[in-house]
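Student: At position 49 of the sequence shown (counting the first as 1) the number is 49 in the UniProt record's numbering, and the numbers step up by one without a gap.
Right, I'll just put the structure down here and ask away after.
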Amino acid sequence: MTTVSGISAAAKRNEVLAGPSKDRQRQQPVRSIDTFTSTAIRNAVYKMYQPTIVNYQYKMKNIYSIVPQLFFIILAHACLPKEQYGNDAERKAYVGKHNYLRLQLSEGQVPKQPKATNVFNLKYDNNLEQEAYKISKTCAFKHVTVKDARWWHVGQNLFKSTNEVGWDHAIQAWFNEYSVYSYPDSASTKTGHYTQVIWSSTDKIGCAHTKCNNFHLYVCNYGPGGNIIGVKPYKTR
């Protein structure tokens with residue numbers, strides 16, 4: 001009896017007529033999903049999630065488009081003036097320096113200037129400091145009128161330096177104008193900083209410092225303001 005691929009011819013004929021035996025059925029490999037069915041499922045899944053995919057791609061495109069803009073915004077922010085405002089150490093420095101110099105005048109220790117009898121300590125004022133902050137952050141070296149309902153006039157001193165010299169240096173520079181001041185003359189453009197620092201009726205102060213692009217700006221506001229024409233800066237007896 002001849003065989004074909006390991007199966008007898010008679011068995012082959014019987015299989016054709018009656019179908020494959022159970023043993024042969026078990027030997028048949030399970031067919032995978034055909035290409036058509038696989039493609040159909042893939043297309044159905046894509047259509048189902050297409051809006052999400054397109055939306056994601058759109059969002060990613062928008063994100064990539066704004067990255068350069070964010071870079072320039074961050075760069076511009078880094079170039080903005082760096083203000084020193086609301087710092088307790090700064091307040092202590094400028095209030096303390098003013099009061100030290102006013103005390104020197106009250107004790108008669110300022111050369112060529114008579115001893116003051118009614119010059120007392122200044123106190124920190126938040127409103128005056130806020131106004132000084134607004135002025136300093138503009139980086140414009142010019143006086144700005146400050147309005148405050150408590151006083152008819154607010155005094156102001158400005159100081160500009162290439163390097164950060166600190167409050168002690170800035171205030172001392174204003175005070176050093178005493179060397180060209182003759183008591184009891186009215187203040188002039190050469191002595192107005194000094195007379196405002198020691199003005200007797202002034203009792204409030206607020207200052208701010210800003211680091212600008214190529215210089216430092218120091219601003220102090222005084223309330224009530226001094227340098228009133230015809231009025232002595234302080235009493236001597």
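We put the beta carbon where it would ideally sit given N, CA and C, even for glycine.
What span of residues does the alpha helix (DSSP H) with residue 104 cover, start to end?
Tutor: Here the alpha helix (DSSP H) through residue 104 covers 88 to 106.
Student: Label residue 141 either buried or exposed according to how many other C-beta atoms from any shown protein chain fall within 10 Å of its C-beta, with 16 as the threshold for buried.
Tutor: Exposed.
Student: Where does residue 172 sit, in a helix, a strand or coil, going by DSSP?
Tutor: Residue 172: helix per DSSP, three-state reduction.
Student: Cutting at 6 Å between CB atoms, please list the residues of its own chain near residue 164, excluding the five before and the five after it.
Tutor: Same-chain partners within the cutoff: 216.
Student: Count the other CB atoms, across all protein chains shown, that sit within 10 Å of the CB of residue 150; report buried if there are 16 or more and exposed otherwise.
Tutor: It is exposed - the Cβ of residue 150 has fewer than 16 other Cβ atoms within 10 Å.
Student: With DSSP as the reference, label residue 110 as helix, strand or coil.
Tutor: Note: residue 110 maps to coil in three-state DSSP.
Student: For residue 200, count the other beta carbons within 10 Å of its own beta carbon; 16 or more makes it buried, fewer makes it exposed. Which is it?
Tutor: Residue 200 comes out buried.
Student: Specify, as a first and last residue, the run of the beta strand (DSSP E) that residue 210 falls within.
Tutor: Per DSSP, residue 210 belongs to the beta strand (DSSP E) from 204 to 211.
Student: Distance, Cα to Cα, residue 172 vs residue 97?
Tutor: Roughly 8 Å between the two C-alpha positions.
Student: Mind checking whether residue 105 and residue 116 have CB atoms under 7 Å apart?
Tutor: Yes. Within cutoff.
Student: Out of 178, 221 and 218, state which residue places its alpha-carbon closest to the alpha-carbon of residue 109.
Tutor: Residue 178 is the option with its Cα nearest to residue 109.
Student: Beta carbon of residue 205, beta carbon of residue 122: below 7 Å?
Tutor: Yes, they are a contact pair.
Student: For residue 193, which residues in the same chain have their Cβ closer than 7 Å to its Cβ, ignoring the five residues on either side in sequence?
Tutor: Cβ within range, chain order: 157, 174 and 177.
Student: Return the chain-ordered ranges of every alpha helix (DSSP H) run that is complete within the segment 153 to 198 and spans a minimum of 4 residues.
Tutor: If we require 4 residues or more, the alpha helix (DSSP H) runs fully inside the segment 153 to 198 come out as 167 to 175 and 192 to 198.
Student: State the DSSP-derived secondary structure class of residue 137, mapped to helix, strand or coil.
Tutor: Residue state, collapsed to three classes: coil.
Student: Just to confirm, is the Cβ distance from residue 118 to residue 232 under 7 Å?
Tutor: No, the Cβ-Cβ distance between residue 118 and residue 232 is not below 7 Å.
Student: Who are the Cβ neighbours of residue 32 in its own chain at under 8 Å, not counting the five residues just before and after it?
Tutor: With a pLDDT of only 46 at residue 32, under the threshold of 50, the placement of this residue in the model should not be trusted; the figure read from the coordinates follows. Same-chain partners within the cutoff: there are none.
Student: Residue 5: buried (16+ other C-beta within 10 angstroms of its C-beta) or exposed?
Tutor: Note that residue 5 scores 42 on pLDDT, short of 50, meaning its location in the model is unreliable and no value can be drawn from it.
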